[in-house]
Amino acid sequence: MTDNSKRHFLRKYFLHQAGRCFQGFEDGLEEARQKAEFDQFFESYESSYALTLAYPDDILLETARKHGIETENRSNKDIVKELFIKNGGF
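The sequence shown begins at 56 in the numbering used here and counts up by one.
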């Protein structure tokens, strides 16, 4: 007599592992898509207008210094991007 419980366990285990692998692949694709959108958002001032030009320069620079971000010879766009990342953004 064949022990079907072992076969059932192995079949279920392999299906479960294949599902986890597929889910990991989908999660990786989603993360890559989000990163691409994030990078595209900061490519120009037009797309990141709300974040880069909404605050006066003195407030932006003060906030960046409080967070330990170097501001010398950097554009507002780069400073805002780094602030966004440090505060839980992508």
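Each residue gets a CB set at the ideal place from its N, CA and C atoms; glycine is no exception. Since the model is a prediction, treat every value here as computed from it, not as a measurement.
Q) Can you tell me the Cα-Cα spacing of Arg-88 and Lys-136, whole angstroms? A) Each residue's alpha carbon lies about 18 Å from the other.
Q. Which one of Lys-61, Leu-138, Leu-65 and Asn-131 has the shortest CA to CA distance from Glu-101?
A. Of the listed residues, the one whose Cα sits closest to Glu-101 is Asn-131.
Q.
Once the 5 residues before and after Lys-141 are set aside, which same chain residues still bring their CB inside 6 Å of it?
A. If we look at Lys-141 and ignore the five residues flanking it on each side, its Cβ neighbours are His-122.
Q) CA-CA distance, Thr-126 and Leu-138? A) CA-CA distance, Thr-126 to Leu-138, rounds to 11 Å.
Q: Use the C-beta contact count for Ala-119: other C-beta atoms within 10 angstroms, 16 or more gives buried, fewer gives exposed.
A: Around the beta carbon of Ala-119, a 10 Å sphere encloses 16 or more other beta carbons of the protein chains shown; the residue is thus reported as buried.
Q. If you drop the 5 nearest sequence neighbours on each side, which residues of the same chain put their C-beta closer than 7 Å to that of Phe-96?
A. Here the set comprises Ser-102 and Ser-103.
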